[in-house]
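Scroll down for the structure; my scribbles are underneath it.
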Amino acid sequence: MKSSLDNLYSREKKNSALPLFLAARAYVLNGLSTRLIFDCKDVGLFFQEGLSHSVRFWGQYEIRASDLFITTLPWLHDRKDFETAAEVICQTQPLKSNAMNQFLICCNTGSEVVHARAAGFEKSFLINQNAFIDTDVFKITESSLEKIFYLVINTRPEKWKRPFFANGIKNLAIIKGRNYRPDDYYDLSSLGPVYINENRLPPRVVAEILNRSYVGGVFSEVEGANFSTVEYLLSGLPVISTASCGGRDVYFTPENHEIVYEPADVAVALTKLINMLRLHKDLSKNIRESALATSKNYLNTLFNHGNKFLCSAGIYNESFERIYHNAFTNKMILYSPP
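What follows is the structure, encoded as structure tokens:
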């Protein structure tokens with residue numbers, strides 16, 4: 005038997021580290037989050053990080069007629085991925101013939117929008133997950149006046165991230181993330197960085213390191229939209245990127261990035277971008293403003309469709325934008341430290 009919201013709340017282990025407005029309305033499943041950000045008159049707005057990661061939640065909870073699940077895609081999805089998710093939803097919600105219409109899928113690429121709709125998720129839109137980065141944390145600060153690092157890479161110590169593209173770069177800074185794939189481990193210290201962290205860094209410390217850097221690097225071939233890319237851009241850094249699939253490229257403009265194909269290309273691209281920064285004093289500000297404008301367009305798409313849902317559910321005295329800002333955390337994850 006599936007649970008009501010109240011029963012799920014009563015079973016939840018309260019986490020004192022969470023802000024109060026999150027602690028009573030949050031579930032941590034498979035290491036990711038499903039959050040209830042609005043609940044009134046049997047109308048619920050849920051925010052889910054990961055379509056495939058939310059299977060356990062659907063198995064425990066019976067979707068109400070006026071629930072909406074705003075769901076992001078941390079990894080590139082093809083049509084088969086969406087079809088598999090649709091099958092699971094139908095199996096776990098047998099009494100809801102239109103359950104997939106209650107999912108608003110935030111796609112990182114145009115191809116994901118096409119595949120999602122073909123699989124039955126009609127409320128699928130291009131809303132890149134990088135729009136959820138906290139722009140008050142990732143910004144240009146006074147630290148940017150004193151650059152120390154030529155290149156910074158914010159990466160997990162894993163081979164699929166292809167950090168070896170930065171091998172041989174002088175004044176390299178590495179912001180090392182968590183290793184989720186021990187069998188794919190890569191020793192980042194072998195790249196000879198002048199800076200590498202030992203412990204996981206909070207976002208504001210990451211932002212300060214970015215401000216001390218000229219250029220950001222990201223070298224994976226396939227993943228999701230890659231938060232690091234837009235954290236660089238919001239901090240005023242141009243980006244050296246490999247050709248990739250997953251959605252980070254939707255933020256690229258002619259002046260804010262260089263595409264490389266071989267590790268030997270990185271040094272050439274780095275010299276070019278640093279010279280551009282030194283020659284054009286407003287370039288960093290222009291890079292940030294472009295990223296802000298792109299994120300604003302995606303958020304407006306989310307707000308417009310969120311408001312349509314509220315009206316269709318009979319909620320006329322509330323705006324989706326206010327609900328979103330009240331529940332906001334960096335990247336809209338369950339909890340993000342300062």
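Numbering of the sequence shown is given in this note's numbering, commencing with residue 5 and proceeding in unit increments.
Built from N, CA and C at the ideal position, the CB exists for glycine as well.
It should be emphasised that the depicted structure is a prediction, and the values quoted were computed from it without experimental measurement.
Looking at C-alpha atoms only, which residue of the options is the closest neighbour of residue i?
i    : options                : result
Y154 : I278, S194, L237, E53  : I278
A295 : V272, L238, F142, F73  : L238
D138 : P161, K300, I200, E66  : K300
E87  : F61, T113, L55         : L55
N203 : L192, S224, G181       : G181
D140 : E293, G310, L306       : E293
S70  : N321, H329, F313, A331 : F313
F307 : H329, L205, C111, D286 : H329
Can residue i and residue j be called in contact, C-beta distance under 8 Å?
i    : j    : result
A177 : V156 : yes
Y302 : I131 : yes
G220 : K289 : no
V222 : R252 : yes
K163 : D188 : yes
I327 : E53  : no
I144 : F125 : no
F73  : Q106 : yes
V117 : F136 : no
D82  : H57  : no
L214 : I244 : no
Report the rounded CA-to-CA distance for residue i versus residue j, giving the unit in angstroms.
i    : j    : result
T159 : N102 : 40 Å
V32  : E235 : Because the pLDDT at V32 is just 47, under 50, the model does not fix this residue reliably, and the value given afterwards should be weighed accordingly. Cα to Cα, the separation comes out at about 25 Å.
R166 : L99  : 46 Å
P1   : I319 : Since the first residue of the chain shown is 5 and the last is 342, residue 1 is not available in this structure.
A122 : M104 : 12 Å
L63  : Q97  : As written in the sequence, residue 63 is Gly, which differs from the Leu given in the question. Straight-line Cα distance between these residues: approximately 8 Å.
L49  : S115 : 26 Å
T246 : A170 : 12 Å
L26  : L195 : Model confidence at L26 stands at a pLDDT of 38, short of 50, so the residue's coordinates are unreliable; what they give is reported in the following sentence. Spanning the two alpha carbons is a distance of roughly 40 Å.
F324 : N134 : 19 Å
T333 : C249 : 26 Å
E16  : R216 : Bear in mind that the predicted position of E16 carries a pLDDT of just 40, short of 50, making it unreliable; the figure below should be weighed with that in mind. About 41 Å.
With DSSP as the reference, identify every bridge partner of residue i, one or two as the case may be.
i    : result
F107 : F73
G48  : D43, D71
L155 : L176, V219
C3   : The structure shown does not extend to residue 3, since the chain is modelled only from 5 to 342, so the question has no answer here.
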